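Sequence lines, in order, name chains Z and P.
Quick note, my numbering runs 1 ahead of the 1-based positions in the first sequence.
Quick note, my numbering runs 108 ahead of the 1-based positions in the second sequence.
All C-beta atoms in this analysis are idealised placements derived from N, C-alpha and C, irrespective of residue type, glycine included.
Every value quoted in this text rests on a predicted model; they were computed, and no experiment measured them.
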Amino acid sequence: MNFARLRAIFWKEFIQMRRDKHTLRLLLFVPIMQLLMFGFAIRQEVRNLPTVVFDLSRSQESRDLVQKFEATDNFQIRGNVSSYTEALNSINNGSARAAIVIPADYAQSLKRGRPVEIQVLVDATDPTGSQAAIGSAQLVGLSISSQLVRAKAGTLRSPAPLEVRVRPLYNPALTSALFIVPGIIGMILSNILVLMTAMAVVREREVGTLEQLIVTPLKSSEIMLGKILPYALVGLVQITAVMIVGHLLFHVPIRGSILLIYVMAILFIVANLGLGLFISTLAKSQVQAMQTSFLFMLPNVLLSGFMFPREAMPDVARWIGLALPLTYFLQVMRAIFLKGVGLAELWPQALALVGFAVLYFTFSTLRFHKQLE
Amino acid sequence: MSDGVVQVRNLVKTFGPVKAVQDISFDIRRGELFGILGPNGSGKTTTIRMLCGLIKPTSGSASVAGFDVTTQPDHVKSSIGYMSQAFGLYGDLTAEENLRFYGGLYGIDQQLDERIAWARERMRLDEIFKRIVDPMSGGQKQRLALGCAMLHQPPVLFLDEPTAGVDPGARRLFWQIIRGLAADGTTIIVTTHYMDEAEHFDRLAFLSRGHLTAIGTPAEVRATFGENLTLEDIFVQLQEQNA
């Protein structure tokens, strides 16, 4: 890696970018337009929230209750936890989206007709998914209450014996914008940057400058790095713009570390630029590069969890989602923005992003070499 | 024969079943203006690409400026200038920016301004120096591309179909500049399928379907085939023999 050569390419890319005023404007305004459209327009629904149970009662009654929750299809019981903190943690790290907390005196209270409270914790970062869950949790409570009431006929006026208290975590007002804005960051970075890099490299091949670069002492790793660095910077400007607008207009909180947001964004940007380079080695023309990029955009929007909750998807769609860097990045962004969690919880996603970056770069460098033959 | 700046020995390149270059050998001396002539698909470009260290020969060997193209491609790349038919210029940059960019790629640092001034004067770039490349004429782009390829003072210069799409006046100026570079000691290898340019070369080689069919000075080549023939006649004749 030679710094002077790298600097030459980097500088050249910036001049080209600056000359292309139209594209430059698009790069800045498209993210903000998308933010406004998605932020104001999108509403969704979910089923099968992964749920953990913290059961202090350990009785037939409490097991019946859990079954009732599962029967609503909104909750999918993933197992038991042994403390309140553990229940919160599993929501924090994303392994569960809801937790049911049943008090020790649950069975006894029901038998004696004393009012009793159970608590349902719901990860409300995705408000539409959690709204459905909250609604059905309250229905479960009502149905059990009315059964009990019917059993003790005639006491219709007595207070409902079972109260389900729902505590939405992280996004108490259940606003979609809170869910959408962190997602928009990932969407924009991935869609625009993949396309831009793919086009930039293919354009050089079409015009014939790539051939010229190859006869210079320039290494292919230097060509690739020099070409993607300017776009990485554009990506950082874009997320900054979206964060500012999201914060001012939609009041999206930034509970976690801003530094961590940028670190994760850089990992994600590099992974996507790698993907763009890979596409550029597959495509023979700019049109092909564009079409191939669109091929990645559709699953990005539909299967990553950006618009539709992954919990609601059939298995095949979920597996495809696992192969998209955006899936991991969305989890990371939403967690940092809304839950304020740090690297301690997010390292698996960070690792996945690093893996994608390495994978794409290896593939594209290999293919790049081969093409010169 | 062994003092050649470019030495080609039994060079072969096959792409799958296609034999692009078949067992060619020749030497090019320092300061020589050497033409490789042949129709499209004759193996000219494949030969040049091997000599530039871009693709590896299937068998045989070649050295350029003392470096082996198979084992030392990076040294070869630093020692050559290369100008393609497409010119390899960035259309949205100015002439000066293109020169600075290629200067940077070849690692020219302190002498960059001096070298750019050289290219500006030698390639007659004065009036286009600060202009964007895209709207320039073919001849202007050609001279700028030549300037970019010569910035790092390479001992060997490759020109691949340099005059395609350039008007006659600009072509004459171009050959004048090329002659000057050769007189300074630069070894220049040119591929072309314009037969009327053949008389510019000190020596030339005819390639046809991957074979070297004739080599020598223009006069020698004519002598081999009969005094009354023009090089163009010979070229057509060789083509027909091979067809």
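Classify residue i as helix, strand or coil using the three-state DSSP reduction.
i	result
L259/P	coil
L159/P	helix
T24/Z	helix
L267/P	strand
Q130/P	strand
P300/Z	helix
D304/P	helix
F55/Z	strand
T178/P	coil
L337/P	coil
S85/P	A question about residue 85/P goes unanswered here, because the residues of chain P that appear run from 109 up to 351.
S171/P	strand
K121/P	strand
E46/Z	Any reading at E46/Z needs caution, since the residue's pLDDT is 48, under 50, leaving its predicted position unreliable; the model's value is listed next. Of the three classes helix, strand and coil, the one that applies to E46/Z here is coil, per DSSP.
F309/P	coil
G247/P	helix
Could you check whether residue j and residue i sit closer than 8 angstroms to each other, using their CB atoms as the reference points?
i	j	result
A351/Z	V342/Z	no
I136/P	G112/P	yes
M191/P	L315/P	no
Q278/Z	I215/Z	A small correction: the amino acid at residue 278/Z is Leu; Gln does not occupy that position in the sequence shown. No, they are not a contact pair.
M231/P	I285/P	yes
L271/Z	A233/Z	Reading the sequence as shown, one finds Val at residue 271/Z and not Leu. The answer is yes: Cβ separation under 8 angstroms.
A170/P	T154/P	no
L36/Z	I185/Z	yes
G95/Z	Q332/Z	yes
L354/Z	Y329/Z	yes
H248/Z	I240/Z	no
T241/P	L201/P	The identity of residue 241/P in the sequence shown is Val, whereas the question assumes Thr. Yes.
V67/Z	V54/Z	yes
V235/Z	L28/Z	yes
H370/Z	S222/Z	no
L233/P	A203/P	yes
P326/P	A313/P	no
L327/Z	G187/Z	yes
V203/Z	A88/Z	no
I132/P	V116/P	yes
Buried or exposed for residue i, please, with buried defined as at least 16 other CB atoms from any protein chain shown within 10 angstroms of its CB.
i	result
T363/Z	exposed
D56/Z	buried
S305/Z	buried
K285/Z	exposed
M225/Z	buried
T300/P	buried
L252/Z	Reading the sequence as shown, one finds His at residue 252/Z and not Leu. H252/Z comes out exposed.
G293/P	exposed
N148/P	exposed
G318/P	buried
S150/P	buried
Q250/P	buried
I101/Z	buried
I342/P	buried
F142/P	buried
Have a look at residue i and residue j and give me their C-alpha separation to the nearest angstrom.
i	j	result
L237/Z	I321/Z	27 angstroms
C87/P	H183/P	The structure shown does not extend to residue 87/P, since chain P is modelled only from 109 to 351, so the question has no answer here.
F4/Z	L119/P	36 angstroms
V82/Z	Q120/Z	14 angstroms
L325/Z	N301/Z	7 angstroms
V172/P	L259/P	18 angstroms
K112/Z	S84/Z	25 angstroms
P270/P	Q193/P	5 angstroms
S281/Z	R6/Z	22 angstroms
E312/Z	I92/Z	14 angstroms
Y210/P	V317/Z	49 angstroms
L274/Z	M200/Z	11 angstroms
F237/P	L289/P	21 angstroms
P165/P	G189/P	20 angstroms
Q219/P	G212/P	11 angstroms
R279/P	I262/Z	58 angstroms
V359/Z	I267/Z	13 angstroms
M38/Z	F295/Z	20 angstroms
L157/Z	L299/Z	Caution is warranted here: a pLDDT of 46 is assigned to L157/Z, below 50, making its placement in the model unreliable, and the coordinate value is therefore given only provisionally. Between L157/Z and L299/Z, the C-alpha separation is close to 54 angstroms.
R79/Z	I33/Z	38 angstroms
Going along the chain, which unbroken runs of the alpha helix (DSSP H) with 4 or more residues stay wholly within the region 187-239 of chain P?
List check, alpha helix (DSSP H) in window: 203-213, 220-230.
Quick check for students: name the residue ranges of the alpha helix (DSSP H) that lie wholly in the region 187-263 of chain Z, counting only runs of 4 or more.
210-215, 221-251
Starting from the N-terminal side, write out each stretch of the alpha helix (DSSP H) that is 4 residues or longer and does not extend beyond the region 88-132 of chain Z.
107-113
The region 186-218 of chain Z: positions lying closer than 8 angstroms to chain A by Cβ:
No chain A appears in the structure shown, which is made up of the protein chains Z and P.
Taking only runs that begin and end inside the region 281-328 of chain Z, name each unbroken alpha helix (DSSP H) of 4 or more residues, in chain order.
287-304, 316-323
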